[in-house]
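Residue numbers (the numbering used here): 959 to 1231.
For glycine and all other residues, C-beta sits at the position ideal for the given N, C-alpha and C.
These numbers were taken from a predicted model, which means no experiment stands behind them.
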Amino acid sequence: MSDSLRTDRLGAVAALGLLILAGLASLAAVPLAGDPLNQDLARMFLPPLSPGHLLGTDHLGRDVLSRVLHGGRSSFLVSLGSAGLAAVLGTFLGIVSAMDRKGSLDRLLQVLNDAILAFPTILLAITVAIIFSPGIYQVTVTLGIVFAPVLYRVSRVEARRVMQQEFYQVSQMLGTGRVLRGILHLLPNVVPQVLVQSASLAALAIGTEAALSFLGLGAQPPNPSWGLMLNDARRYLLDAPYLSIIPGAAAALLAFCFQFLSDYGAEFFHLQE
């Protein structure tokens, strides 16, 4: 194993461990940091490292640590849920498109795919989010639909490549059914590519969810969300900059971990080819 891959593996393990710890912390947010909705107007704008408030309090005296941990729960739900939904939709449609004999369905799916990809991700996400009522679950479904075309293209290209391989053509000549060929030969070869791209999309989902919540199209008050925290903090940017820095840093760190895993996965699977 090369030193570069060994170093990347250590980094990937560290990133994965950090994601697991962050996920567990967000699930146990109440025992760790208390109720994120609890207000104490006598303790407003306490700075970080204050007694009883490790990351300080906001303009309503709410504990910032508790709100960050609960906001992380929303980000995990959206990032993993949207990437998972996109992976299922994109992989299924990509393989179906690649195996289309007549080509009419393949052409139709490609036209629809190109039409969706022609729009900027954030603009398309805002448009779809406006159609649905605001909320975390709606944002998860919205981003899953918006991200699916990316994984459709990846799945279709990889499935087409595998279909040109000798082992696949031999299986076809032996009379193996189309569904069975797709499951036995195409799916195992498509999944690694999809996983790599899904991790990258999970990173993108974190920033997109924060942006939608900032605009009022994601999580709704008083539920804690990193985007809502940034929206509230913009009025106190000069007086209490930590209110903006902490949720922004949390979102950036979580997105970095997902992106690092994606980069490592791309290198790992490439070296295995």
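Grouping DSSP H, G and I as helix and E and B as strand, with all else coil, what is residue i?
i	result
H1017	coil
S1032	helix
L1229	Here the model assigns L1229 a pLDDT of 44, short of 50, so the residue's position is not dependable and the matter cannot be decided.
S1113	helix
S1008	strand
G1039	helix
F1090	coil
N996	coil
R967	helix
A1076	coil
F1003	coil
R1059	coil
L976	helix
A1209	helix
Please tell me whether residue i and residue j are closer than 7 Å, where the distance is taken between their beta carbons.
i	j	result
Q1151	V1112	yes
E1116	V1148	yes
F1034	G992	no
R1025	T1015	no
G1039	T1085	no
W1184	G1029	yes
L1109	A1056	no
G1048	A1106	yes
L1023	L1013	yes
V1104	L1082	yes
D1021	H1011	yes
P1180	L995	yes
S1129	R1139	yes
Just mark residue i as buried or exposed, buried being the case when its beta carbon has 16 or more other beta carbons within 10 Å.
i	result
Q1155	buried
F1218	buried
I1053	buried
G1176	buried
D1190	buried
S1037	buried
R1192	exposed
I978	exposed
R1031	buried
S1171	buried
I1094	buried
P914	Outside the shown range of the chain, which is 959 to 1231, sits residue 914, and nothing can be said about it.
S1220	buried
A1209	buried
L1101	buried
Q1230	Residue confidence for Q1230 is low, a pLDDT of 47 falling below 50, so the modelled location carries little weight and cannot support an answer.
G1061	exposed
L1196	exposed
Within the region 1122 to 1206, ranges of the beta strand (DSSP E) (whole runs, at least 3 residues)
None, since the region 1122 to 1206 contains no complete beta strand (DSSP E) of that length.
Are the region 1127 to 1135 and the region 1073 to 1084 touching, with three or more C-beta to C-beta distances below 8 Å?
No: fewer than three Cβ pairs fall under 8 Å.
Three or more C-beta pairs under 8 Å: does that hold for the region 1207 to 1215 against the region 1159 to 1172?
With a cut-off of 8 Å, the region 1159 to 1172 and the region 1207 to 1215 count as touching, because enough Cβ pairs lie within range.
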